[in-house]
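To start, the structure under review is shown below, and the notes come after it.
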Amino acid sequence: MEGEMIAMGKYIGAGLATVGMGGAAIGVGNIVGNFLSGALRNPSAAGGQTAMLFIGIAFAEAFGIFSFLVALLLMFAV
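Residue numbering for the sequence shown follows the working numbering, beginning at 2 and increasing consecutively.
Laid out in structure tokens, this is it:
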């Protein structure tokens, strides 16, 4: 009985940790959407901002990957 409770807690914790992956997906969507909105308003400046777009996407994805790693650690390492 006690082992089942521990396993249940691990799975609940891992599921909660994966909420960060959804947050990362929303963040990437916001970054790209705002970039496209600005690029449509001022197309001549869009080329200079492309590097910043990719840096923002990389940071948002890094947080998603970090939450995925936390979920894996909760499931298999604890």
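Glycine residues also receive a C-beta, built at the ideal position from the N, C-alpha and C atoms.
Model, not experiment: these values are computed from the prediction.
- By the C-beta density criterion, Gly-10 is exposed, having fewer than 16 other C-beta atoms within 10 angstroms.
- The Cβ atoms of Leu-75 and Ala-15 lie closer than 8 Å to each other.
- Segment contact: the stretch 45-65 against the stretch 25-35, three or more CB-CB distances shorter than 8 Å; contact assigned.
- Sequence-distant partners of Phe-67 (beyond 5 residues in either direction) whose C-beta falls short of 8 Å from its own C-beta, in its chain, are Gly-21.
- Sequence-distant partners of Ala-72 (beyond 5 residues in either direction) whose C-beta falls short of 7 Å from its own C-beta, in its chain, are Ala-15, Ala-18 and Thr-19.
- Beyond the five residues adjoining it in sequence on each side, Ala-8 comes within less than 6 Å, by CB distance, of no other residue in the same chain.
- Collapsing the DSSP output to three states places Met-2 in coil.
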